Amino acid sequence: MNSQQSICVIGSVNADISIRVPRFVRPGETLKGRDFQFSPGGKGANQAVAAARLGARVCLLGRIGTDPFGEDIAHRLAQCGVNCAGLERDATLSTGSAVIQVEEGGQNAICIAAGANDTVTPDYLHRVKRLLDEASIVLLQLEIPMDTVIWAAEYCAGQGKLVMLDPAPAAPLSEELLRHVGIITPNETELREITGIEVSDAASRRQACRALLTLGVKTVINKAGADGVYVYTGDELMHYPTYDVPVVDTTAAGDSFNGGLAYALACGMPFAQAVDEANLVASLSTTGFGAQSAMPTRLQLEQARQTLRRKA
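In structure tokens:
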């Protein structure tokens, strides 16, 4: 464990308000739900916690408000083992927030208010650059300003770090950003948004992944939900099936995958094994309600590896 590489996550920190509902609410409708839960969230914080719960050395860079939500989240992140030394407080803005509906089948619908996440700027990263410089693997997402994501990717790639980009929420991406990305992990919606190619079969999936490589990305990992992931590096399109688990809530399964992949690579696992490990982490995260609270520990991961089977 002493030789493990360090991880830095640059991204959003949110207060998640989750409610289980029999189905998603329609416009103008009031629907009775259950199992209200407040928990820390945001794609940045989620990915940091996913890696930290597995035992990774991980630092989170982001900004929160001085409200009670922000202070509670910072405390919980630290309890999970996340280094929060670079987590800044903003006295003028609220902590980012998300309202999440989780329907009976485990699917979710999410509405986000950015709050202090919108002030995660390149100037802020300059203030905490010492922490960024210590990392070997850097995780980015799109819930902070795009110019910050571009600056961070360019700087970190230039320093020889592995840059992993989760292109969510879906948005068009520039070649200026993509040429600095080592691994990109879009789902099918995000893959279509970036490339303009509708993924409907193996040929169109390969075409969309190839389009990303022509823009400079080194490796594409296409997240396909219950179907697992597809990996493309310019040769063949490899399929890694997910694991057979009882799904309760899919919130942050993608974040769990990214955090799990970063952890596995930081431990020196071969790439194929690391992808499979991330699939198992993501699968386990769907077996509980909530985002970070359902992410597995290293002990849970080791136990599940002995009992769970991949989907056929």
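The sequence shown runs 333 to 644 under our numbering.
We treat Cβ as the ideally placed atom computed from N, Cα and C, and that holds for glycine.
Because the structure is a prediction, the values reported are computed rather than measured.
{"Asked": "In the DSSP output, which residue or residues are listed as bridge partners for K555?", "Found": "N519, V561"}
{"Asked": "Could you tell me if L386 is buried or exposed, where buried requires 16 or more neighbouring beta carbons within 10 angstroms of its beta carbon?", "Found": "buried"}
{"Asked": "Output yes or no for whether 7 Å exceeds the beta carbon distance between L464 and C340.", "Found": "yes"}
{"Asked": "How about R352 and R366: do their beta carbons lie closer than 7 Å?", "Found": "yes"}
{"Asked": "Locate the beta strand (DSSP E) running through M496, then write down its first and last residues.", "Found": "494 to 497"}
{"Asked": "Name the one or two DSSP bridge partners that Y487 has.", "Found": "BP columns for Y487 are empty, so no partner."}
{"Asked": "Put M570 into one of helix, strand or coil per three-state DSSP.", "Found": "strand"}
{"Asked": "Assign F370 to one of two classes, buried (16 or more other C-beta atoms within 10 Å of its C-beta) or exposed (fewer than that).", "Found": "exposed"}
{"Asked": "Consult DSSP for G402 and reduce its assignment to one of helix, strand or coil.", "Found": "helix"}
{"Asked": "Per DSSP, what are the beta-bridge partners of Y456 in this structure?", "Found": "In DSSP, Y456 forms no bridge with anything."}
{"Asked": "Go ahead and label S335 buried or exposed: buried means 16 or more other beta carbons lie within 10 angstroms of its beta carbon, across all protein chains shown.", "Found": "exposed"}
{"Asked": "Where does E466 land, buried or exposed, given buried means 16+ other C-beta within 10 angstroms?", "Found": "exposed"}
{"Asked": "Under the three-state reduction of DSSP, which class applies to F368: helix, strand or coil?", "Found": "strand"}
{"Asked": "Take L497 as the anchor and find which of E508, E507, V481, P504 has the nearest alpha-carbon.", "Found": "V481"}
{"Asked": "Could you tell me which of N554, I526, G514, K550 sits nearest to D533, measuring between CA atoms?", "Found": "N554"}
{"Asked": "What first and last residue would you give for the alpha helix (DSSP H) that runs through L616?", "Found": "603 to 617"}
{"Asked": "Checking 7 Å against the spacing of the C-beta atoms, do V452 and I476 come in under that value?", "Found": "yes"}
{"Asked": "Enumerated in chain order, which unbroken segments of the alpha helix (DSSP H) with a length of 4 residues or greater are wholly contained in the segment 389 to 451?", "Found": "400 to 411"}
{"Asked": "Can you say whether M627 is buried or exposed, counting buried as having 16 or more other CB atoms within 10 angstroms of its CB?", "Found": "buried"}
{"Asked": "Is G520 buried or exposed, if buried means 16 or more other CB atoms sit within 10 Å of its CB?", "Found": "According to the sequence provided, residue 520 is Glu. The question's Gly does not apply to it. Answer is buried; the Cβ neighbour count reaches 16."}
{"Asked": "Cβ of T427 within 7 Å of Cβ of F401?", "Found": "yes"}
{"Asked": "For my contact list, I515 and K550 are in at a C-beta cut-off of 8 Å; report their separation, rounded to the angstrom.", "Found": "7 Å"}
{"Asked": "Is there contact here, the segment 616 to 630 with the segment 577 to 584, by at least three beta-carbon pairs under 8 Å?", "Found": "yes"}
{"Asked": "What do you get for S506, buried or exposed, if any count of 16 or more other CB atoms within 10 angstroms of its CB means buried?", "Found": "exposed"}
{"Asked": "Looking at V580: is its Cβ nearer than 7 Å to the Cβ of G620?", "Found": "yes"}
{"Asked": "Below 6 Å CB to CB, which residues in the same chain sit around T398 once its five sequence neighbours on both sides are set aside?", "Found": "R421, A423"}
{"Asked": "Whole angstroms are fine: how far does the CA of A377 sit from the CA of Q411?", "Found": "13 Å"}
{"Asked": "My output table needs one value for G373: the three-state DSSP class, helix, strand or coil.", "Found": "strand"}
{"Asked": "Report yes if the C-beta distance between G394 and L419 is below 7 Å; otherwise report no.", "Found": "yes"}
{"Asked": "What are the boundary residues of the alpha helix (DSSP H) that includes R462?", "Found": "461 to 465"}
{"Asked": "Check L544 in the structure and name its three-state DSSP category.", "Found": "helix"}
{"Asked": "What would DSSP say about I342, mapped onto helix, strand or coil?", "Found": "strand"}
{"Asked": "Quick check on this structure: which residue in V414, S588, I349 has the alpha carbon closest to the alpha carbon of A445?", "Found": "I349"}
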